[in-house]
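For the first sequence, the numbering used here gives the first residue as 131, with consecutive numbering after it. Even glycine gets a Cβ: it sits at the ideal position worked out from N, Cα and C.
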Amino acid sequence: MELKLNPHLTPFNLEHTLQCGQVFRWKRYNDWNYGIVERHVFKVKQTKNTLEFRGVNLDFIMRYFRLDDNLPKIMAEVNRDSLIGQAIRTFSGLRIVRQSPWECLISFICATCKNIPSIKNVIHGLSNQFGEKISFDNREFHTFPTPSALAELSSQVLRDCKLGFRANFIRETAEIVDCGKMDFEALRDADYQTAKEELLQLPGVGNKVADCVLLFSLEKLEAFPVDIWMKRVFRNHYKKCFDMPFAKRLSGEQSLSSRDYDKISSFARRYFGKFAGYAQEYLYYYERAKTV
DNA sequence: CTCCAGGAAAGTC
DNA sequence: GACTTTCATGGA
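Right, here's the structure in full:
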């Protein structure tokens, strides 16, 4: 199957979308990108304005890659200054992906204090060991482990998966979700603040992890995750938006306190508007691209 | 060897 | 309530 994209109405860049750091489990063989979402294994490739795909139907592709988002309108709305403008031009067509909440939640709990190659390793490790094997294109893929599959593992087994101090967070969060005490559908319908407060109850979930889950899997496009890279962006470009004491804190090496986090994140929501999460993803990838 | 990574929670004042 | 320390480990 293939989809013709009008670059003016529906801009899309598969490469930027998969490489910007929001997803961890895609693989590339030859010129195809292979993804697995829930139990759907599929492959995608893009040449100019044509998106070619196998394994899933058009509705799935539209939904997963958020091709229903009016990207030109969103970009116009968040384009508030020359920095974000440059990031938008550089990574034109980058879209937020609609991930499954459970996998997104565990992925970003694992992501605390890890670099991206390391995150990919542990997520693949968990899937290969405790997920279900599915064949596609003569290759083997694995579903992401279910909540019950992770809940029944000992913390020692999880530590052997290179999870370190995150092992207990993963096990405890898996137990809570497995018991049905976390209703992702309800969170999707709830407003941003309400949904965030629910997620913050989970072990291993703080401000940043909660915002990533809200943005990437629960339709909260105003969520603005702030990590070490975004702190650098604000230190280098947005100091003047804050009072002097806070501008000085941004220059320091301390990790962000929850108050610092709220200050940056809520400013960004006012400054960039209801699609602040899109602005975050462009700025994040732009900042990272400078160093690699 | 040292430094850093898409932080969160426990501890301290 | 705000700030500091601790928590493991692979990769550069």
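Tell me the DSSP bridge mates of residue i?
{"i": "GLY165", "result": "PHE172"}
{"i": "LEU181", "result": "LEU133, GLN176"}
{"i": "ILE264", "result": "PHE271"}
{"i": "LYS157", "result": "TYR164"}
For residue i, tell me which candidate among the options has the shortest Cα-Cα distance.
{"i": "PHE142", "options": "ARG155, LEU181, VAL171", "result": "LEU181"}
{"i": "MET312", "options": "SER284, PHE376, LYS292, PRO231", "result": "PRO231"}
{"i": "LEU413", "options": "MET205, ILE249, ARG155, GLU168", "result": "MET205"}
{"i": "THR220", "options": "ILE264, ALA241, CYS150, ARG155", "result": "CYS150"}
{"i": "ARG225", "options": "GLU349, ILE358, TRP359", "result": "GLU349"}
{"i": "GLY407", "options": "TRP359, GLY261, PHE346, PHE376", "result": "PHE346"}
{"i": "GLU302", "options": "PRO277, PHE271, PHE266, ASP211", "result": "PRO277"}
{"i": "ILE416", "options": "GLN216, MET131, PHE172", "result": "In the sequence on display, residue 416 carries Tyr and not Ile. The option with the nearest alpha carbon to TYR416 is GLN216."}
{"i": "THR147", "options": "LEU235, SER284, LYS175, GLY185", "result": "LYS175"}
{"i": "ASN200", "options": "VAL208, LEU139, TYR368, LYS370", "result": "LEU139"}
{"i": "CYS309", "options": "ALA281, SER395, SER248, GLY294", "result": "ALA281"}
{"i": "GLU132", "options": "CYS371, ARG158, ARG169, ASN187", "result": "ASN187"}
{"i": "LYS420", "options": "VAL363, GLU383, PHE274", "result": "VAL363"}
Assign residue i to one of three DSSP states: helix, strand, or coil.
{"i": "ARG399", "result": "helix"}
{"i": "ALA450", "result": "Outside the displayed range of the chain (131 to 422) lies residue 450, so it cannot be described from this structure."}
{"i": "PHE238", "result": "helix"}
{"i": "LEU147", "result": "Sequence inspection shows Thr at residue 147; the Leu mentioned does not correspond to that position. THR147 falls in the helix class under three-state DSSP."}
{"i": "MET360", "result": "helix"}
{"i": "ASP327", "result": "Asp is not the amino acid found at residue 327; the sequence shown has Glu there. Residue state, collapsed to three classes: helix."}
{"i": "ASN209", "result": "coil"}
{"i": "LEU332", "result": "coil"}
{"i": "ASN251", "result": "helix"}
{"i": "LEU345", "result": "helix"}
{"i": "GLN229", "result": "coil"}
{"i": "GLU315", "result": "helix"}
{"i": "ARG196", "result": "coil"}
Might you give, ordered along the chain, the residues of its own chain that have their beta carbon closer than 7 Å to the beta carbon of residue i, omitting 5 neighbours on each side?
{"i": "PHE299", "result": "ILE239, PRO333, GLY334"}
{"i": "ASP357", "result": "LYS338"}
{"i": "ASP319", "result": "none"}
{"i": "ILE214", "result": "VAL208, ALA409, TYR412, LEU413"}
{"i": "PHE154", "result": "SER237, ILE249, LYS250, ILE253"}
Among the residues of its own chain, which have a CB less than 6 Å from the CB of residue i, if the five just before and after it don't count?
{"i": "ARG289", "result": "ALA297"}
{"i": "SER395", "result": "PHE354, VAL356"}
Closer than 7 Å: is that where the CB of residue i sits relative to any heavy atom of the ligand GTP?
{"i": "CYS309", "result": "Ligands in the displayed structure: none, and consequently the ligand GTP is not present."}
I'd like the list of long-range same chain contacts for residue i, defined as Cβ closer than 8 Å, with 5 residues on each side in sequence excluded.
{"i": "ARG399", "result": "GLU352, PHE354, ALA406"}
- Taking only runs of the alpha helix (DSSP H) that begin and end inside the stretch 369-398, which ones reach a length of at least 4 residues, in chain order? Uninterrupted alpha helix (DSSP H) stretches at least 4 residues long and entirely within the stretch 369-398 occur at 374-381, given in chain order.
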